[in-house]
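Residue numbers (my numbering), protein chains in the order written: chain A, 280 to 615; chain B, 5 to 487.
We treat Cβ as the ideally placed atom computed from N, Cα and C, and that holds for glycine.
Keep in mind that this is a model prediction, so the values were computed, not measured.
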Amino acid sequence: MSAHEHRLNLLWLQSGGCGGCSMSLLGAEAPSLLTALDGAGIEVLWHPALSAENGTDVLDRFERILRGELVLDILCLEGAVMRGPGGSGLFHVLAGTGRPMAAWLEALAPRARHVLAVGSCAAFGGISSGGGNPTEACGLQYEGDEPGGLLGEAFHSRSGLPVVNVAGCPVHPNWVLETLAQLSLDGLDATALDPLNRPRSYTDHLVHHGCPRNEFYEYKASAEHMSELGCMMEHLGCMGTQAHADCNTRLWNGEGSCLRGGFACINCTRPGFEEPGHVFGLTRKIAGIPVGLPTDMPKAWYVALGSLAKAATPPRLKQNAVADHIVVPPKTGDKT
Amino acid sequence: MSRRVVGPFNRVEGDLEITLDVEGAKVREARVSAPLYRGFEQMLVGRDPSDALVYTPRICGICSVAQSVASARALGMLMGIAAPDNGRLATNLVLANENVADHLTHFYLFFMPDFTDSIYAHAPWHAAAAARFAAVKGAATRAVLPARAEFLRLMGLLAGKWPHSLAIQPGGTTRAVAAQERVRLLALLHGFRGFLEATLFGAELEMVSELDSDAALMAWFAAGDPLRSDFTHFLHIAEALQLARLGQGRGRFMSYGAYDEHDGPLFQGGVWQDGVHSAVPVEAIAEDLSHSWLEYRSTPRHPCDGVTVPAVPDGHGYSWCKAPRLGGQVVEVGALARQMVDGHPLVRDLVARGGANVRSRVIARALEIARVVIAMERWAKELRPGEPFCHHGELPDIAQGAGLVEAARGSLGHWLSVRNGRIHNYQIIAPTTWNFSPRDADGVPGALEQALVGTPVHEGESNPITVQHVVRSFDPCMACTVH
Chain A
280 MSAHEHRLNL LWLQSGGCGG CSMSLLGAEA PSLLTALDGA GIEVLWHPAL SAENGTDVLD
340 RFERILRGEL VLDILCLEGA VMRGPGGSGL FHVLAGTGRP MAAWLEALAP RARHVLAVGS
400 CAAFGGISSG GGNPTEACGL QYEGDEPGGL LGEAFHSRSG LPVVNVAGCP VHPNWVLETL
460 AQLSLDGLDA TALDPLNRPR SYTDHLVHHG CPRNEFYEYK ASAEHMSELG CMMEHLGCMG
520 TQAHADCNTR LWNGEGSCLR GGFACINCTR PGFEEPGHVF GLTRKIAGIP VGLPTDMPKA
580 WYVALGSLAK AATPPRLKQN AVADHIVVPP KTGDKT
Chain B
5 MSRRVVGPFN RVEGDLEITL DVEGAKVREA RVSAPLYRGF EQMLVGRDPS DALVYTPRIC
65 GICSVAQSVA SARALGMLMG IAAPDNGRLA TNLVLANENV ADHLTHFYLF FMPDFTDSIY
125 AHAPWHAAAA ARFAAVKGAA TRAVLPARAE FLRLMGLLAG KWPHSLAIQP GGTTRAVAAQ
185 ERVRLLALLH GFRGFLEATL FGAELEMVSE LDSDAALMAW FAAGDPLRSD FTHFLHIAEA
245 LQLARLGQGR GRFMSYGAYD EHDGPLFQGG VWQDGVHSAV PVEAIAEDLS HSWLEYRSTP
305 RHPCDGVTVP AVPDGHGYSW CKAPRLGGQV VEVGALARQM VDGHPLVRDL VARGGANVRS
365 RVIARALEIA RVVIAMERWA KELRPGEPFC HHGELPDIAQ GAGLVEAARG SLGHWLSVRN
425 GRIHNYQIIA PTTWNFSPRD ADGVPGALEQ ALVGTPVHEG ESNPITVQHV VRSFDPCMAC
485 TVH
């Protein structure tokens with residue numbers, strides 16, 4: 280049994296998305312998903328991948344929430360809100376109801392004590408709003424980095440919080456589970472959220488923190504192709520120094536991260552990551568200097584330190600940076 | 005005759021609505037609708053071709069790697085490059101990791117909870133099924149998640165994360181494996197084998213993979229406690245409910261062939277129909293839009309010049325899904341089709357006796373878990389640390405390519421053309437687009453629509469349980485379907 284006396288119920292809906300945040304969630308480890316929810320005092324009212332109920336059994340619950348007979352503690356949306364075509368919402372009609380999901384969300388959100396946008400699609404529109412946004416997709420309370428979205432800038436759930444944007448593509452399972460557990464244990468106040476209403480518990484960090492390529496970064500020893508060991512910021516479009524997330528200190532699927540997997544960070548927790556303004560995997564440069572430098576570092580200093588570091592790069596790092604495995608190991612010290 | 009609309013339909017990936025016309029306690033006609041449109045084929049036009057590696061995995065959170073592989077193959081064809089041996093083996097491992105995890109998710113989380121429904125409360129087997137497989141609460145439901153998560157650590161190691169990795173590239177994989185990581189992969193696989201042998205099968209994987217007939221399967225089943233493993237538990241319920249009589253397919257199967265060995269696929273591809281195996285006539289694939297909420301409905305098109313322009317949903321169609329046909333005919337894809345086409349004796353015998361049905365589809369998936377995990381152990385051993393994992397190439401300004409792959413749920417194809425260095429057209433046919441297609445211009449229903457005809461339905465049941473068994477036996481992925 281959980282230590283929580285009052286258990287919170289959770290309704291999870293999916294709209295314009297891939298279901299990947301739920302899949303990521305199913306991979307939670309130590310403890311696994313169901314144990315973590317249990318321990319946090321969360322009762323699944325309905326989840327499309329986990330629950331037994333279908334059809335009318337589910338719709339009855341929605342109706343009871345709308346009539347105020349069933350108190351809804353937490354509403355999670357995964358996937359973007361589909362407003363098209365022409366604002367009709369008909370690109371996603373909730374099966375069995377003939378009613379656009381956008382309308383269901385507008386009706387259910389004010390009933391919920393807390394509302395979570397799970398993943399960058401639900402938070403900001405995400406990949407679902409890329410490529411000219413043919414489906415008029417948006418987030419619950421943002422459209423890209425503009426407040427608004429489906430529910431509007433002024434929306435607050437019954438707890439007084441705006442929509443909590445657990446952004447990421449996909450989310451790390453524990454970004455969601457720890458946010459839920461904090462809501463359940465003591466609630467969250469507005470200071471726990473960053474300016475984009477993302478939980479600061481993971482967005483006060485940068486992907487750069489704990490990156491195994493940091494030594495290459497320090498000496499500006501760069502990879503030229505994906506799969507090579509060097510820093511991917513100079514040539515391969517890596518945005519780890521600007522991306523707000525703890526991917527390299529928390530790790531994914533037990534032992535990974537994008538950087539550890541040999542490919543660049545695409546800053547997937549950021550609104551608008553889907554349209555970076557350049558080809559993914561290629562760094563945009565002006566006069567040979569990457570445009571996206573670390574956000575809080577003066578440019579002149581960065582350039583000066585960079586050229587100094589480049590002049591001092593040990594041959595070991597130069598060679599390893601363009602190899603896919605260590606070709607020059609660190610020197611073993613002479614006996615003294 | 006009465007009409008029932010079933011939805012939201014859960015424990016499938018994505019959004020699904022089924023309309024049933026019921027007469028005399030049986031389904032007379034079914035219409036399968038995908039009520040969500042995603043727009044990826046529109047979003048990709050005009051982008052740099054390499055952006056497809058970021059976008060297409062995000063079509064689907066459960067078939068993400070399969071989408072990556074299809075996209076990387078299409079781009080690799082454009083670039084004229086292929087992976088070195090290590091890249092081929094690592095791609096196999098990552099794809100197999102996803103496919104096997106998906107089969108497991110389907111069995112434990114999506115399919116088996118149906119048998120805990122209160123409609124079966126009076127069945128003698130119900131209490132044991134409920135204790136083991138109840139959604140969220142069942143003992144097996146809770147046991148499978150840690151095993152699955154530990155198995156997916158292969159993704160952490162080989163692909164950085166799952167889903168939505170960029171590790172699969174046209175020329176191989178981005179993550180070279182060092183000697184100690186190779187043995188770590190083997191340790192993870194050994195742990196997963198332990199779960200499968202102790203909990204899913206109650207038998208060694210080799211024994212399961214060598215079962216060569218329904219008689220051999222049932223002799224093994226009868227040789228011990230029917231509830232000694234989760235798979236025998238299923239076989240027990242399948243006997244009680246006669247699941248082999250439910251969800252009959254038409255017996256035309258397709259597979260593009262799965263997992264690259266150095267001399268061809270591990271599972272041979274092709275079409276199987278009327279006892280004859282032939283190569284897939286890829287040029288004879290065409291998508292019919294007559295019953296879809298899409299423009300340009302008049303003529304079916306091959307995906308290399310396919311068009312996707314959404315229409316305002318109206319009475320004309322009933323789904324966002326297109327209707328792909330092979331030489332004008334409906335085919336079934338998935339693990340059953342893959343093992344049929346490959347010629348596995350157990351699956352050939354099951355289909356010879358009872359065709360494609362709920363029971364044979366589930367058995368084929370279990371068999372495939374055993375066969376693929378054995379292959380994964382071999383692939384991990386074949387990795388050669390220190391040798392290359394990825395080749396690199398240049399994208400041409402004008403080119404056309406296709407990437408065909410077997411996802412967990414069946415045949416997935418990407419067709420891509422590039423002009424002026426930008427994507428000119430990008431068309432995708434996903435497994436569930438084949439299986440859950442609407443009717444075509446001749447009024448011929450899709451594979452699931454056909455399989456639902458004749459399904460017995462109880463009076464007063466708004467969400468008929470038998471219909472749920474049939475639908476879930478295909479393990480649909482609606483997210484892919486409506487890309």
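Runs of alpha helix (DSSP H) wholly within the segment 414 to 463 of chain B (minimum 4 residues, chain order): 435 to 439 and 451 to 456
How many whole angstroms separate the CB atoms of B/Pro-317 and B/Leu-298, which I take to be in contact at a CB cut-off of 8 Å? The pair is not a contact, with the Cβ atoms about 10 Å apart (cut-off 8 Å).
Beta strand (DSSP E) containing A/Thr-335: first to last residue? That residue, A/Thr-335, is in no beta strand (DSSP E); its alpha helix (DSSP H) goes 334 to 345.
At a Cβ threshold of 8 Å, is B/Cys-85 touching chain A? For the record, residue 85 of chain B in the displayed sequence is Ile; it is not Cys. It does not: the Cβ of B/Ile-85 has no partner Cβ on chain A nearer than 8 Å.
Is the segment 498 to 516 of chain A in contact with the segment 588 to 606 of chain A, if contact means three or more CB pairs nearer than 8 Å? yes
Using alpha carbons as the reference points, say which of B/Phe-238, B/Phe-196, B/Gly-84 and B/Asp-55 lies closest to B/His-395. B/Gly-84
A/Tyr-498 versus A/Pro-594, A/Pro-609 and A/Ala-524, residue with shortest Cα-Cα distance: A/Pro-594
Do B/Val-49 and B/Asn-429 have their beta-carbon atoms positioned less than 8 Å apart in this structure? Remark: C-beta atoms of B/Asn-429 and B/Val-49 approach each other more closely than 8 Å.
Use the C-beta contact count for A/Lys-564: other C-beta atoms within 10 angstroms, 16 or more gives buried, fewer gives exposed. exposed
Taking B/Glu-17 as the query, report the chain A residues whose CB atoms sit under 8 Å from its CB, ordered along the chain. Gly-298 and Ala-328
Are three or more beta carbon pairs between the segment 258 to 276 of chain B and the segment 124 to 141 of chain B nearer than 8 Å? no
Using the Cα positions of B/Gly-195 and B/Ala-202, report the straight-line distance between them to the nearest angstrom. 11 Å
Along chain A, which residues have their Cβ under 7 Å away from the Cβ of B/His-168? Gly-299, Cys-448 and Pro-449
Under 9 Å, CB to CB, which of the residues in the segment 509 to 534 of chain A have a partner in chain B? Cys-526, Leu-530, Trp-531, Asn-532, Gly-533 and Glu-534
Under 8 Å, Cβ to Cβ, is there at least one residue of chain B near A/Gly-560? Cβ-Cβ to chain B under 8 Å: yes for A/Gly-560.
Roughly how many whole angstroms lie between the Cα atoms of A/Glu-385 and A/Leu-289? Distance between the alpha carbons of A/Glu-385 and A/Leu-289 is about 17 Å.
So, are the CB atoms of B/Ser-477 and B/Val-376 less than 8 Å apart? no
In three-state terms, what does DSSP make of B/Phe-115? When DSSP states are grouped into helix, strand and coil, B/Phe-115 belongs to the helix group.
Any idea what DSSP makes of A/Gly-295, helix, strand or coil? strand
Does the beta carbon of B/Asp-52 come closer than 8 Å to any beta carbon on chain A? yes
Measure from the C-beta of A/Ala-282 to each C-beta in chain B and report whether the shortest distance is under 8 Å. Reliability fails at A/Ala-282, whose pLDDT of 49 lies under 50, so the model's placement of it is uncertain and no value is given.
Using a C-beta cutoff of 8 Å, does A/Ala-374 count as contacting chain B? yes
When the Cβ atoms of the segment 380 to 393 of chain B are set against those of the segment 405 to 419 of chain B, are three or more pairs found closer than 8 Å? no
Proximity winner among B/Leu-456, B/Thr-177, B/Val-148 and B/Ala-132, relative to B/Asp-25 (alpha-carbon distances): B/Leu-456
Going along the segment 36 to 48 of chain B in order, which residues come within less than 7 Å of chain A, judged by CB to CB distance? Within the segment 36 to 48 of chain B, contact with chain A at the beta-carbon level (separation under 7 Å) is assigned to Pro-39, Leu-40, Tyr-41, Arg-42, Gly-43, Gln-46, Met-47 and Leu-48.
Can you find a heavy atom of the ligand COA that lies under 7 Å from the Cβ of A/Leu-430? In the structure shown, the ligand COA is absent, as is every other ligand, since no ligand is present at all.
Let me know the secondary structure DSSP gives A/Phe-542 once reduced to three states. coil
Residue environment, B/Ala-223, which counts as buried when at least 16 other CB atoms sit within 10 Å: exposed
Could you give the distance in angstroms between the alpha-carbon of B/Asp-55 and the alpha-carbon of B/Met-47? Using only the alpha carbons, I get a separation of about 11 Å.
Going along the segment 66 to 91 of chain B in order, which residues come within less than 8 Å of chain A, judged by CB to CB distance? Ile-66 and Ser-68
Return the residues of the segment 592 to 607 of chain A that lie within a Cβ-Cβ distance of less than 7 Å from chain B, sorted by chain order. Asp-603 and His-604
Alpha carbon to alpha carbon, what distance is there between A/Ala-469 and A/Glu-513? 37 Å
A/Glu-494 versus B/Ser-68 - alpha carbon distance: 32 Å
Starting from A/Ser-463, find everything on chain B with Cβ-Cβ shorter than 8 Å and list it in chain order. The contacting residues do not exist; A/Ser-463 stays about 17 Å from chain B at best.
For a cutoff of 8 Å on Cβ pairs, would you count B/Met-5 as touching chain A? no
Among A/Gly-318, A/Ser-407, A/Gly-567 and A/Gly-571, nearest to A/Glu-357 - alpha-carbon criterion: A/Ser-407
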